[in-house]
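Asks:
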Amino acid sequence: MPGKINWKASPTDVKKIDSILDRAAAVWPYYGEPEGRKEAAMDLTACHCNGTPLDLDALLAADDFDFAHDLFGIRENINRKTGELDNCFLPRCAHHEITAH
């Protein structure tokens with residue numbers, strides 16, 4: 206069905222996203238709160254599964270500046286109807302090959 210967001214991340218990717226959120230919560234308390242964590246998990250999953258696959262290992266290992274750039278950039282530019290990124294935003298930890306949906 207066109208326009209439907211793909212939420213099917215692999216179990217391994219779900220664990221990596223959870224680790225990314227643990228790191229985020231240690232710095233920004235909002236991500237440690239249930240609502241903030243859920244929102245961020247959905248943003249990262251939607252981005253990763255809908256046209257801009259992320260190198261989740263690189264994001265987890267990124268320096269604080271690049272980590273914040275990607276996390277907040279995804280949050281600000283994710284299209285919550287399609288799961289795609291708007292405004293030509295490209296996370297620094299995106300895989301170099303972008304997929305079209």
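Mapping to this note's numbering: the sequence shown position 75 is 280, numbers consecutive.
The beta carbon of each residue, even a glycine, is placed where N, CA and C say it ideally should be.
With H, G and I counted as helix, E and B as strand and the rest as coil, what does DSSP make of Ala214?
Replies: Translated into positions along the sequence shown, residue 214 becomes position 9. Coil, per DSSP.
Asks: Would you call the region 227 to 241 in contact with the region 279 to 288, where contact means no fewer than 3 C-beta pairs closer than 8 Å?
Replies: No, the region 227 to 241 is not in contact with the region 279 to 288.
Asks: Per DSSP, what are the beta-bridge partners of Gly290 in this structure?
Replies: Your numbering for residue 290 matches position 85 in the sequence shown. With the sequence shown as reference, residue 290 is identified as Leu, and Gly is not the correct amino acid for it. For Leu290, which the question treats as bridged, DSSP gives the partners Ile283.
Asks: DSSP state of Ala267, grouped into three classes?
Replies: Translated into positions along the sequence shown, residue 267 becomes position 62. The answer is coil: DSSP assigns Ala267 none of H, G, I, E or B.
Asks: Where does the unbroken alpha helix (DSSP H) through Pro239 begin, and where does it stop?
Replies: Taking the sequence shown and counting its residues from 1, the one referred to as residue 239 is at position 34. Here the alpha helix (DSSP H) through Pro239 covers Pro239 to Cys254.
Asks: Under the rule that 16 or more other beta-carbon atoms within 10 Å means buried, what is His301, buried or exposed?
Replies: The residue labelled residue 301 in the question sits at position 96 within the sequence shown. So His301 ends up on the exposed side.
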